[in-house]
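Participant: To convert, note that position 7 of the sequence shown is 6 in numbering that gives the first Met the number 0; the numbers rise steadily by one, no gaps.
Just so it is clear, CB atoms sit at the ideal spot from N, CA and C, and this is done for glycine as well.
The model shown is predicted, which means the values in this text are computed figures rather than measured ones.
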Amino acid sequence: MKLLIVAVGTRMPEWVSAGYDDYAKRMPREASIELLEVKAEPRTTGKTVPAMMAAEAARIEAALPERCHRVILDERGLELTTRKLAERFERWLADGQDVAFIIGGPDGLDPALKATAHDTVRLSGLTLPHALVRPLLAEALYRAWSLTRNHPYHRE
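(1) If you follow the alpha helix (DSSP H) that Thr81 is in, where does it begin and where does it stop?
(2) So for Asp21, helix, strand or coil by DSSP?
(3) Could you compute how far the alpha carbon of Leu146 sits from the alpha carbon of Ala54?
(4) May I ask you to report which of helix, strand or coil DSSP gives Leu135?
(5) In three-state DSSP terms, what is Ser123?
(6) Measure the CB-CB distance between Met51 and Asp94 and report whether it falls below 8 Å.
(7) Are the Cβ atoms of Ala200 and Val70 separated by less than 8 Å?
(8) Enumerate in chain order the residues of its own chain whose CB-to-CB distance from Gly18 is below 6 Å, with the five nearest sequence positions on each side excluded.
(9) Is DSSP giving Lys38 helix, strand or coil here?
(10) Could you give the DSSP three-state label for Leu146: helix, strand or coil?
(11) Considering only residues of the same chain and omitting the five flanking positions on each side of Ala99, which have a CB-CB separation below 6 Å?
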């Protein structure tokens with residue numbers, strides 16, 4: 000199984016890359032994390048917000064594998080505890096299918112793309128900058144994996 004983080008936006012600040020890379024390299028081979036960056040639609044072209052979101056959705060669709068379990072990250076999604084995420088992690092691992100976590104751009108995700116989701120989750124009740132979601136999600140996935148393996152990283 001591969002965990003894909005599909006995120007709109009490129010050229011993130013160094014702290015974003017460093018945080019993401021730190022947790023991604025900790026993941027075991029059977030549950031590796033791969034970041035797929037998708038170019039954001041320029042906000043200076045005069046296009047409407049729905050048109051920009053549709054263009055980004057098309058790029059996301061092109062980046063996704065043909066078959067994968069789609070998890071949309073959205074502020075209105077289900078908020079999971081670490082334990083609940085670990086339980087889902089175990090199911091995903093047992094299924095053997097790649098899991099794609101999809102992070103939208105500044106305006107969010109196109110409604111048609113959201114409709115293709117198998118799951119919609121949120122990382123926090125707080126509004127987070129999109130760049131912060133990458134390392135935060137990578138850490139949450141590492142923590143969930145560590146919990147499934149009784150690794151001492153997670154403590155309760």
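Facilitator: Put simply:
(1) Following the DSSP letters along the chain, one finds Thr81 inside the alpha helix (DSSP H) bounded by residues 81-94.
(2) Look at Asp21 here: in three-state DSSP terms it is helix.
(3) Those two C-alpha atoms are separated by around 38 Å.
(4) Of the three classes helix, strand and coil, the one that applies to Leu135 here is helix, per DSSP.
(5) Under the three-state reduction of DSSP, Ser123 is assigned to coil, being neither helix nor strand.
(6) Result no, Cβ atoms of Met51 and Asp94 do not sit closer than 8 Å.
(7) The structure shown has nothing for residue 200, since the chain only spans 0 to 155.
(8) Within the same chain, Cβ atoms closer than 6 Å to the Cβ of Gly18 are found at Pro134, the five residues on either side in sequence being excluded.
(9) Look at Lys38 here: in three-state DSSP terms it is coil, with no helix or strand label.
(10) DSSP, read as helix, strand or coil, puts Leu146 in helix.
(11) The answer, listed in chain order, is Leu3, Val5, Leu63, Cys67, Arg69.
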